[in-house]
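Before any comments, here is the structure.
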Amino acid sequence: MRLQYPSNIKIVSIPCTGKVDLIYILRAFEKGADGVYVVGCMEGECRFEKGNIRARKRVEQARHILESIGVGGERVRMYNLSSSEAPHFVRYAKEMTEKIRELGPNPIKMAKEKMAA
Amino acid sequence: MIVAKQKPVEEIIEEAKEYDKILLAGCNECVTVCEAGGKKEVAVLASALRMYFMNQGKDLKIDEVTLERQCDHEYLEEIRNTIDQYDAVISLACGVGVQFMAEKYMQMPILPGVDTCFMGVTEERGVWTERCQGCGQCVLAKTGGICPVSRCAKRLFNGPCGGSTKGCCEINKDLLCGWQLIVDRLTELGRLEDYEKLAPIKDWSTERAGGPRKVIREDVRL
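If you read the protein sequences in the order shown, they are chains A and B.
Following numbering that gives the first Met the number 0, the numbering of the first sequence begins with 0 at its first residue and continues without gaps.
Following numbering that gives the first Met the number 0, the numbering of the second sequence begins with 0 at its first residue and continues without gaps.
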C-alpha cells in the first residue's frame, strides 16, 4: 500500500506489546519524547494470549504516573489493530501526532533544555 | 509474605522535596513479589521523581539500589560505604526494612515508599489477601488450617457470630466468613467433631497486645 504516516514518529519494534514495560514508557518521556503510543494486536487475538492486555495495563499505569507528576497522562495511549490494517495504523499515527501537537512539547524536555542553558 | 502497597507518588514527592540527593532502596523479598518495592518499582519511582523535580526546575540526583533484604544486617551493610553521599533514603521495603535501616544509619533520614499492609498471600495476579496476624500462638491445627484470628473480623474462637450470612461476613458482603471457611474445611477433612470442642480463652499477651515482641533462640545464637 505504501501509505505515508507522519515522519516525527519513531518506531520501536518489539516482538509483542506484552514486552512493553512501564519503565520503557517513562524512560521515553525522560529522554524527551513528546508522546508515546503502543500499537498492539486486537484484544483477544494475542498470539501470546495476554500480551496486549498486559500492555494496556502498563499504558494505564504510565498514564496515571504522568498525570501525577505533571507531564500529562494524555501523552500516552494504546491502540489495537490487526497486522493487515495499514490504513488504521496511519490514522492512529496522524491522530496521535495531532493530539501531541495540541498538547505541546514534553515539559521535561523543555525543563532540561532550560537547565542546560 | 509481607504485603505492601505503593504510596501515591504525590505523597513521596512531598516527603522528598527538601532533599537534593536521594538513594532509592528496594528490597528483593516480599515487596518484590507483591510488586510494591522491588527493582522494577524502584526504577519506575526514580524515573517519576526525576521527571517531577526536573519539571520543577530542580536537578534531583537519584540513585537506585535493590538489596536482597532490608531486614538483615548483612544486606544493609552493603550501602554503608555509599550512604553518606545522599541527603536521604527512600526505602521501598516494608516497615520492618525501613526501621532497620533507620536504626542502622542514625544520621540519615529514611523515608518510607510503601504502605505496609499485612502478612498474606497472592490469591491471583494483583490480588493479595491477609492470612496471618502473628498472634504468637498458632491454633491452625484445631481450626482446619483456617485462622480465626486473621480471617474472622471479630477474631472469635468458638464459631461464627450472628452476622455470618450465606458464608459472608457482616462487615463486608465480599468478605468470606472465617468460621464458615473453618466449618467447610473441617467437613472436608471429616473432622467436624473438632468444631464442637470449646477453645479456651486465648492468651493475647503473645500477640501485639503484649507490646513489641521478641524471639530469642539460644540454640542458634552466636
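Glycine is no exception: its CB is placed at the ideal position from the N, C-alpha and C atoms.
Secondary structure at C131(B), three-state DSSP: helix, strand or coil?
When DSSP states are grouped into helix, strand and coil, C131(B) belongs to the strand group.
Anything in chain B within Cβ reach of M114(A), meaning under 8 angstroms, just list it in chain order.
M53, G56, D58
Can K103(B) and T65(B) be called in contact, C-beta distance under 8 angstroms?
no
Note down, in chain order, every chain A residue with its Cβ under 7 angstroms from the Cβ of R49(B).
E29
P111(B) versus I89(B) - alpha carbon distance
6 angstroms
Can you give me, in chain order, the residues of the region 42 to 69 of chain A that have a beta carbon less than 7 angstroms from any beta carbon in chain B?
I64, S67, I68, G69
Just to make sure I have the definition right: I need the residues of chain A whose C-beta is within less than 9 angstroms of the C-beta of E9(B). Which are they?
S67, I68
Pop quiz: W237(B) and P147(B) are said to be a contact at Cβ under 8 angstroms. What is the actual Cβ separation, rounded to whole angstroms?
With chain B represented from 0 up to 221, any question about residue 237(B) goes unanswered, as that position is not in the structure.
Since A42(B) meets chain A, which of its residues come closer than 7 angstroms, beta carbon to beta carbon?
A42(B) reaches chain A at I22, counting residues in chain order whose Cβ is nearer than 7 angstroms.
Drop a sphere of 10 angstroms on the beta-carbon of C137(B), count the other beta-carbons inside from all chains shown, and report buried for 16 or more, exposed for fewer.
Exposed.
Out of curiosity, what's the CA-to-CA distance linking M109(A) and K60(B)?
18 angstroms
Endpoints, the beta strand (DSSP E) within which Y36(A) is located:
35 to 39
Do you know offhand how far I10(A)'s Cα is from C45(A)'s?
Each residue's alpha carbon lies about 20 angstroms from the other.
Which full runs of the alpha helix (DSSP H) of 4+ residues lie inside the region 107 to 151 of chain B, going along the chain?
147 to 150
Taking only beta-carbon atoms, is P106(A) less than 8 angstroms away from chain B?
yes
For the region 22 to 95 of chain B, list the beta strand (DSSP E) runs that are entirely contained and at least 3 residues long, ordered along the chain.
60 to 66, 87 to 90
Output the distance between the C-alpha atoms of Y78(A) and P108(B), rounded to the nearest integer angstrom.
So the two alpha carbons sit approximately 43 angstroms from each other.
Taking only three categories from DSSP, how would you classify L197(B)?
coil
Please return the same chain residues whose Cβ sits closer than 8 angstroms to the Cβ of A47(B), not counting the five positions on each side in sequence.
V8
Closest to G135(B) by C-alpha separation, out of E34(B), S204(B), V219(B), D19(B), would be which residue?
S204(B)
For Y91(A), report the span of its alpha helix (DSSP H) as first-last.
85 to 102
Show which residues of chain A have a CB atom less than 9 angstroms away from the CB atom of K39(B).
Going along chain A in sequence order, the residues near K39(B) (Cβ under 9 angstroms) are D20, L21, I22.
Is there a C-beta anywhere in chain A that falls below 8 angstroms from the one on S46(B)?
It does: the Cβ of S46(B) has a partner Cβ on chain A nearer than 8 angstroms.
Looking at the unbroken alpha helix (DSSP H) that takes in N171(B), where does it start and where does it end?
First-last for N171(B): 171 to 175, but that is the beta strand (DSSP E), not the alpha helix (DSSP H).
So, A208(B) versus F156(B), is the Cβ gap smaller than 8 angstroms?
no
Contact under 8 angstroms by Cβ, R74(A) with I99(A):
Yes, Cβ-Cβ distance for R74(A) and I99(A) is below 8 angstroms.
Taking 8 angstroms as the threshold (beta carbon to beta carbon), is L102(A) in contact with chain B?
no
Under 7 angstroms Cβ to Cβ from C176(B), same chain only, skipping five residues before and after it: list those, please.
P159, S163, G166, C167, C168
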